[in-house]
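As numbered in full-length UniProt numbering, residues 1 to 548 make up the sequence shown, in order. We put the CB at the ideal spot given by N, CA and C, even for glycine. These numbers come from a predicted model, not from an experiment. Notes for the one structure printed next.
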Amino acid sequence: MQAAPIAIPNGDFSNAANNGSVGGGVLGGTGTNVQIGAGPWRANYWGVAGLLAPPVLEIGNGRAAIGGLAGLSVLGILNNGGYFRQTLPVAWEPNRRYTLKADINAGSVLGLALINSQGVGSALVSGTTRLSSTTSASLVTLNLLGGNLYELALTYETGPTVSGNIGIDLFYEPSGVLSASLLGAVDFSNVRLETRLLNQTPTGLVAVDADPRSAIVDTEVDPPLSIQVVDQLGDGIQGVTVTFTAPTTGPSATVTPNPATTNANGVAEVTTTANTIAGTYTITGEVQGVTPLLEFQLENLPGPAASVNGISGAAQSAVVGSQFGQPLVVKVADEFGNAVPNVQVAFAAPATGASATFPSSTVLTGANGQAGVTPTANGTAGAYSITANVSGVGQAASFPLVNLLQSDIGPGDQGEPSQNGEPDTVFACALMVRIVNGQGVPQEGLAVDFTAPASGPSALLYDGANSGLSLRVDTDADGYAFVEAVSNGIPGRFQVSAQLAFSLTSPVLFNFNNLAAGDPVLSYGFDGPCIRALGPQAAEPEEENAAD
Numbered sequence: 001m002q003a004a005p006i007a008i009p010n011g012d013f014s015n016a017a018n019n020g021s022v023g024g025g026v027l028g029g030t031g032t033n034v035q036i037g038a039g040p041w042r043a044n045y046w047g048v049a050g051l052l053a054p055p056v057l058e059i060g061n062g063r064a065a066i067g068g069l070a071g072l073s074v075l076g077i078l079n080n081g082g083y084f085r086q087t088l089p090v091a092w093e094p095n096r097r098y099t100l101k102a103d104i105n106a107g108s109v110l111g112l113a114l115i116n117s118q119g120v121g122s123a124l125v126s127g128t129t130r131l132s133s134t135t136s137a138s139l140v141t142l143n144l145l146g147g148n149l150y151e152l153a154l155t156y157e158t159g160p161t162v163s164g165n166i167g168i169d170l171f172y173e174p175s176g177v178l179s180a181s182l183l184g185a186v187d188f189s190n191v192r193l194e195t196r197l198l199n200q201t202p203t204g205l206v207a208v209d210a211d212p213r214s215a216i217v218d219t220e221v222d223p224p225l226s227i228q229v230v231d232q233l234g235d236g237i238q239g240v241t242v243t244f245t246a247p248t249t250g251p252s253a254t255v256t257p258n259p260a261t262t263n264a265n266g267v268a269e270v271t272t273t274a275n276t277i278a279g280t281y282t283i284t285g286e287v288q289g290v291t292p293l294l295e296f297q298l299e300n301l302p303g304p305a306a307s308v309n310g311i312s313g314a315a316q317s318a319v320v321g322s323q324f325g326q327p328l329v330v331k332v333a334d335e336f337g338n339a340v341p342n343v344q345v346a347f348a349a350p351a352t353g354a355s356a357t358f359p360s361s362t363v364l365t366g367a368n369g370q371a372g373v374t375p376t377a378n379g380t381a382g383a384y385s386i387t388a389n390v391s392g393v394g395q396a397a398s399f400p401l402v403n404l405l406q407s408d409i410g411p412g413d414q415g416e417p418s419q420n421g422e423p424d425t426v427f428a429c430a431l432m433v434r435i436v437n438g439q440g441v442p443q444e445g446l447a448v449d450f451t452a453p454a455s456g457p458s459a460l461l462y463d464g465a466n467s468g469l470s471l472r473v474d475t476d477a478d479g480y481a482f483v484e485a486v487s488n489g490i491p492g493r494f495q496v497s498a499q500l501a502f503s504l505t506s507p508v509l510f511n512f513n514n515l516a517a518g519d520p521v522l523s524y525g526f527d528g529p530c531i532r533a534l535g536p537q538a539a540e541p542e543e544e545n546a547a548d
């Protein structure tokens, strides 16, 4: 930001109403304070008596031009000359720095030495008093804009006492132009006047770009944060210390350097790097003694998806054909654990066997990085897992689920519930359960888990192919599942359970007593039928065995 330049009427020479020309004509002719066109520029010009006509001063085509200067100097007589002048309706102010700028083109290469010596520059005046000019002032610069076009700048500093209105001269007092450089014409354009306080005091802070900013976590914020410190005119002040403050917890950023010092334009610029926590926050800029503080609104955005984790819905069950009670929900996060929104999550269930369906297999994460589906169990009972995948993330989330049998399916008949057995021998009666539905219809192919104690008095179970303390056996066409039991030789009573898998029905319990060596075997059962063989087809009741 910079204070608005002081307006120079028709300083760009673009107003056609102000076009016109004066001068030229009679040898030695003169003109003083002659209006050009409709004004506000006026001209002063003169010729060399009897030798040269005055130059032509012309405004048009977006420039002010002085031409007709070419000729010869005679006996050291000053060349003919002239200049444009305008007095502004603005008074000089004390303790100010004024800079008059104009674009100048003489059709050839210019330098400060030529401008200083030949008077082709500019001047600042008050009334008829010339305060400063490019022939005498030390604060003069000439910058090449391109070709033969230059920017000429004249700076003048007022003291504590001033008077009059600001006056501007262009091409003042040309002297020796013909003999020294043979400049035939000079054009001026884009004339402007800037002013600043000599003793600047910070009075305000201005954001160079106040728009909210965002950056991915752990990256630089772009554009950088920039604050201009200005005085009461709105001009930047160099060398002022600006302190930036960011939150110490939560979403934030590091600021470097901090504090920062304003440059020649009064701007302090810092590099801001987002921390690893996503979210919105505010960074303030402060200069001692200046209120209010300046605030920048920033947001740290999450990085790309790096993980997908299940957060609810795992380890639940539902009856076949019914909807599960809880949705399966995952959270997608970046490498720093920030929730990542608008990420597509693909849910997948087994293609065969126990499985589930859901309304849509792909779901977008919300603002909290979460996505979920509510599954419905298919018609097959069993345990399985549903996975949730995110493209580019190696590890999927997994949800173990169980489809339960209908509640009316469960154990019907069972074999001998209680038996005694000699050490390390097969119990006389096989362990048998029959699974039926609510109408008593046998259910084939359902799993029954037989489990014996892992320590102490127990038995080794055998299904005709496999043995162990725990066996899963499928029901046959008649709904039967059965195993044999072999005493482990440790005396004592124990139970073997037969639990219908994927069912909430209670297990069937079989009572056993491992006899010690030499104990009389009073009965293999307790006055009940006994099934000796593996298979219901051999399930013939036996006569009770008398004690030996």
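Alpha carbon to alpha carbon, how far is residue i from residue j?
i, j, result
"SER252", "PRO292", "21 Å"
"LEU364", "GLN499", "41 Å"
"ALA397", "VAL320", "23 Å"
"LEU131", "THR271", "45 Å"
"VAL74", "VAL26", "Note that VAL74 scores 45 on pLDDT, short of 50, meaning its location in the model is unreliable; the coordinates nonetheless yield the value given after this. Distance between the alpha carbons of VAL74 and VAL26: 18 Å."
"ILE115", "THR135", "7 Å"
"LEU145", "GLU151", "7 Å"
"ASN263", "PRO202", "14 Å"
"PRO536", "TYR462", "Summary for PRO536: the model assigns pLDDT 45, below 50, so the residue's position carries little reliability; its value from the coordinates is reported in the next sentence. Each residue's alpha carbon lies about 15 Å from the other."
"VAL343", "ALA383", "29 Å"
"GLN439", "GLU416", "24 Å"
"THR32", "ASP209", "50 Å"
"GLY410", "SER506", "9 Å"
"VAL140", "ASN148", "18 Å"
"PHE358", "THR249", "41 Å"
"LEU198", "GLU157", "8 Å"
"VAL329", "ILE311", "6 Å"
"THR282", "SER108", "55 Å"
"ASP235", "ILE104", "26 Å"
"GLY456", "ILE490", "7 Å"
"SER503", "GLN406", "8 Å"
"ALA477", "ALA452", "25 Å"
"GLY303", "VAL340", "7 Å"
"LEU52", "ALA185", "15 Å"
If you check the beta carbons only, do residue i and residue j fall under 9 Å apart?
i, j, result
"GLY82", "ALA43", "yes"
"ARG213", "VAL221", "yes"
"PRO5", "THR195", "yes"
"LEU170", "SER126", "no"
"ARG472", "ALA430", "no"
"ALA274", "ALA268", "no"
"VAL393", "ALA314", "no"
"PHE347", "LEU401", "no"
"residue 558", "LEU124", "It is not possible to answer for residue 558, since the shown part of the chain is limited to 1 through 548."
"SER14", "GLY62", "yes"
"ASN514", "GLY492", "yes"
"ASN165", "ALA102", "no"
"LEU154", "LEU100", "yes"
"LEU294", "ALA215", "no"
So what does residue i bridge to, in DSSP terms?
i, result
"TRP499", "According to the sequence shown, residue 499 is Gln rather than Trp. Looking at the DSSP assignment, GLN499 forms a beta bridge with ASP449."
"GLY146", "LEU149"
"TRP46", "THR30, GLY81"
"PHE482", "MET432"
"SER14", "DSSP lists no partner for SER14."
"ASN300", "ALA215, GLY279"
Taking the beta strand (DSSP E) that residue i falls in, what are its first and last residues?
i, result
"THR30", "30-35"
"LEU460", "459-462"
"GLN414", "410-414"
"PHE347", "344-348"
"PRO54", "Premise fails: PRO54 is in no beta strand (DSSP E) and is neither H nor E."
"VAL473", "470-474"
"GLY20", "20-23"
"GLY82", "81-91"
"SER122", "122-126"
"GLN104", "According to the sequence displayed, residue 104 carries Ile and not Gln. Its beta strand (DSSP E) spans residues 96-105."
"GLY67", "63-67"
"PHE510", "508-514"
"LEU504", "Premise fails: LEU504 is in no beta strand (DSSP E) and is neither H nor E."
"LEU131", "129-133"
Verify the CB distance criterion: does residue i have a CB-CB separation below 9 Å to chain C?
i, result
"ASN403", "The structure shown contains no chain C; it is built from a single protein chain."
Pick out the complete beta strand (DSSP E) segments inside the region 148-220, 3 residues or longer, and give them in chain order. 149-157, 165-170, 185-197, 204-207, 213-216
Every unbroken beta strand (DSSP E) inside the UniProt domain "Big-1" (205-297) [3 residues or more]: 213-216, 225-230, 241-245, 253-256, 267-274, 279-286
Write down every uninterrupted run of the beta strand (DSSP E) in the UniProt domain "Big-1" (308-405) whose length is 3 residues or greater and which is fully enclosed by it, in chain order. 316-319, 328-333, 344-348, 362-364, 370-373, 382-390, 397-404
Quick check for students: name the residue ranges of the alpha helix (DSSP H) that lie wholly in the region 415-444, counting only runs of 4 or more. Those alpha helix (DSSP H) runs which fall completely within the region 415-444 and span 4+ residues do not exist here.
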